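For the sequence shown, full-length UniProt numbering assigns the number 32 to the initial residue and increments by one for each residue that follows. A virtual CB, placed ideally from N, CA and C, is assigned to each residue, including glycine. The model shown is predicted, which means the values in this text are computed figures rather than measured ones. To start, the structure under review is shown below, and the notes come after it.
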Amino acid sequence: SSASTRSTSSKPRLLVSRLYQPASLRDVGQDSRLAGEMTCKSQRLMQQAGLIHPFNPGCYFYLPATVRSMEKLVRVIDQEMQGIGGQKLDMPSLCSADLWRTSERWDLMGKELLRLKDRHGADYCLGPTHEEAVTTLVAHQATLSYRQLPLLLYQITRKFRDEPKPKFGLLRGREFYMKDMYSFDVSEEAARQTYETVCQAYIQLFTRLGLRCVQVQADTGNIGGTLSHEFQLPTDVGEDRLLLCENCSFSANVETLSSSTTNCPQCKTGALVESKGIEVGHTFYLGKKYSSVFKATFSNPQNKPVVTEMGCYGLGVSRILAAAIEVLSTDEGIRWPGLIAPYQVCVLPPKKGSKVEEAAVLAEELVDCLGEVLPRLRGEIVLDDRTQMTIGKRLKDASRLGYPYVIVVGEAALQKPPTFEVICQQTGETLFLSKDGLLDLL
Ligand code: ATP
Ligand code: MG
Ligand code: MG
Ligand code: MG
Numbered sequence: 032s033s034a035s036t037r038s039t040s041s042k043p044r045l046l047v048s049r050l051y052q053p054a055s056l057r058d059v060g061q062d063s064r065l066a067g068e069m070t071c072k073s074q075r076l077m078q079q080a081g082l083i084h085p086f087n088p089g090c091y092f093y094l095p096a097t098v099r100s101m102e103k104l105v106r107v108i109d110q111e112m113q114g115i116g117g118q119k120l121d122m123p124s125l126c127s128a129d130l131w132r133t134s135e136r137w138d139l140m141g142k143e144l145l146r147l148k149d150r151h152g153a154d155y156c157l158g159p160t161h162e163e164a165v166t167t168l169v170a171h172q173a174t175l176s177y178r179q180l181p182l183l184l185y186q187i188t189r190k191f192r193d194e195p196k197p198k199f200g201l202l203r204g205r206e207f208y209m210k211d212m213y214s215f216d217v218s219e220e221a222a223r224q225t226y227e228t229v230c231q232a233y234i235q236l237f238t239r240l241g242l243r244c245v246q247v248q249a250d251t252g253n254i255g256g257t258l259s260h261e262f263q264l265p266t267d268v269g270e271d272r273l274l275l276c277e278n279c280s281f282s283a284n285v286e287t288l289s290s291s292t293t294n295c296p297q298c299k300t301g302a303l304v305e306s307k308g309i310e311v312g313h314t315f316y317l318g319k320k321y322s323s324v325f326k327a328t329f330s331n332p333q334n335k336p337v338v339t340e341m342g343c344y345g346l347g348v349s350r351i352l353a354a355a356i357e358v359l360s361t362d363e364g365i366r367w368p369g370l371i372a373p374y375q376v377c378v379l380p381p382k383k384g385s386k387v388e389e390a391a392v393l394a395e396e397l398v399d400c401l402g403e404v405l406p407r408l409r410g411e412i413v414l415d416d417r418t419q420m421t422i423g424k425r426l427k428d429a430s431r432l433g434y435p436y437v438i439v440v441g442e443a444a445l446q447k448p449p450t451f452e453v454i455c456q457q458t459g460e461t462l463f464l465s466k467d468g469l470l471d472l473l
């Protein structure tokens, strides 16, 4: 890896001094206020820790630690989507206006659609979502058989939307990552079954990430269709308003309810409690809305062409990353879902010139040993080699970046047997462990 160098021994190690994490020097809040933008905790923490850097309104540099975290998140999403039979593909971002005119969304999308012309003057847009594209793809296959359904196709790509108010860092960008999956089924019943399976996979995904997520009834907006749910992370910076029943399982986005609703429309008695949420996922049952327009058919057992039943399912990948930081972090430091932390462990050797300086070599040995004994941690352990800085200062940085485990190699490491101070940042616990104890913990 480019951030590693060879030091005293011949082993390459990840050194904090070499990681590209340019923290914003100025106060992020003040910068944004001057630009008339709103800021929030995740944006401030991510800029201060050198995770993202603003470029244009709603467009950010994703710096190396963010890319590591995103790649991990993508792997978890891939596992869940492929676990239910999803097949990953990658569709063009440059989409011809013809398709969007056919579905009648070219005008409907209004200013949110980023439009451009090619050299011949033909109209295009940068894909905000891909119902049109995927449906023409599937329609193109003349021989699609009922035996091949359900067909679940998904991609994880950049999407483009000219948001009226891009804000809150990665939470609402004009260019962002989305996972969008599209399902094709033989009948409405089968499509509803697929819809339910995808919702279950979403719930499992958020559970694995350790995020409390609520599934609420949702409006179908510009996408269309009749059945729809959003997956919302309850938090005050969220821009959606949710109503949750105190009595029963009813939960809905306020957009779906008429203003006259007071008591719960499901159990009729429970009071509805309002909460704000960040929409991290959205599922739609589409029926034949797109498949009939683009003639996406399959051949049934009698060899007759039948129009497929569709569903579509979005996840805001970059939004999930920022939303997780928003709901888990303290004001001073990022806390990650363990599965997607950019690095799992940070090891701190003593300050140069301190009376326990000789423990420095133990820190290097520890890094090498952890990587050898625990293959899972290879490439996941960084050594904070900025030994001109005090332990306290480096601990503060480590706390801000939120490595799940920070190991201080100091005086206690020189004792026999050596002891290491381990700070578990997700729980806030500090433990003093032998090397074996440490291996067990990790
Ligand atoms: P919002 O209500 O926040 O504008 P949306 O309802 O327009 O989102 P969908 O069309 O349902 O979004 O897209 C699927 C998912 O993509 C959303 O659930 C969200 O997680 C994510 N997403 C949508 N817009 C953005 C954006 N501007 N920046 C980051 N993620 C987004
Ligand atoms: Mg929107
Ligand atoms: Mg929405
Ligand atoms: Mg939505």
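If we count the other Cβ atoms within 10 Å of its Cβ and call it buried at 16 or more, is residue 335 buried or exposed?
-> Counting Cβ neighbours within 10 Å, residue 335 comes out exposed, since fewer than 16 surround it.
Does the segment 311–319 touch the segment 336–343, meaning 3 or more C-beta pairs lie closer than 8 Å?
-> Under the Cβ criterion (8 Å, minimum of three pairs), the segment 336–343 counts as touching the segment 311–319.
Rounded straight-line distance, which links the Cα of residue 375 to that of residue 411 = Roughly 5 Å between the two C-alpha positions.
Return yes when at least one heavy atom of ligand 4 lies under 6 Å from the C-beta of residue 151, else no.
-> No, Cβ of residue 151 sits at least 6 Å from all heavy atoms of ligand 4.
Contact check, residue 364 vs residue 280, beta carbons under 7 Å = Cβ distance not < 7 Å, so residue 364 and residue 280 don't count as in contact.
Report yes if the CB atom of residue 451 is closer than 7 Å to the CB atom of residue 464, and no otherwise.
-> Closer than 7 Å, so yes.
Return the chain-ordered ranges of every beta strand (DSSP E) run that is complete within the segment 238–314 and spans a minimum of 3 residues.
-> Scanning the segment 238–314 for uninterrupted beta strand (DSSP E) segments of 3 residues or longer gives 245–248, 258–265, 271–276 and 282–284, listed from N- to C-terminal end.
Coarse secondary structure for residue 212, derived from DSSP in three states | Here residue 212 sits in strand by DSSP.
Given residue 112 as reference, the closest of 394, 324, 126 and 214 once Cα atoms are compared = Closest by alpha carbon: 214.
Please state whether DSSP places residue 154 in a helix, a strand or coil.
-> Looking at residue 154 - three-state DSSP - the assignment turns out to be strand.
Tell me whether residue 470 sits in a helix, a strand or coil according to DSSP, three-state version.
-> Helix, per DSSP.
What does a CB cutoff of less than 6 Å around residue 269 pick up in its chain, not counting 5 residues either side in sequence?
-> Sequence-distant partners of residue 269 (beyond 5 residues in either direction) whose C-beta falls short of 6 Å from its own C-beta, in its chain, are 307, 308 and 309.
Buried or exposed: residue 284, going by 16 or more other Cβ atoms within 10 Å of its Cβ?
-> Classification for residue 284: buried.
Cutoff 6 Å; reference residue 372; Cβ partners in own chain excluding five residues on either side | Answer for residue 372: 435, listed in chain order.
Using the Cα positions of residue 402 and residue 43, report the straight-line distance between them to the nearest angstrom.
-> Cα to Cα, the separation comes out at about 11 Å.
Residue 161: beta carbon under 6 Å from a heavy atom of ligand 4?
-> Remark: the shortest separation between the CB of residue 161 and any heavy atom of ligand 4 does not fall under 6 Å.
Whole-Å CB distance - residue 104 paired with residue 351, under 8 Å assumed | Going by Cβ atoms, the distance from residue 104 to residue 351 rounds to 7 Å, so yes, they are a contact pair.
Roughly how many angstroms lie between the CA atoms of residue 245 and residue 303, to the nearest whole one?
-> About 15 Å.
Span separating the alpha-carbon of residue 369 from that of residue 101 = Residue 369 and residue 101: Cα-Cα distance of roughly 13 Å.
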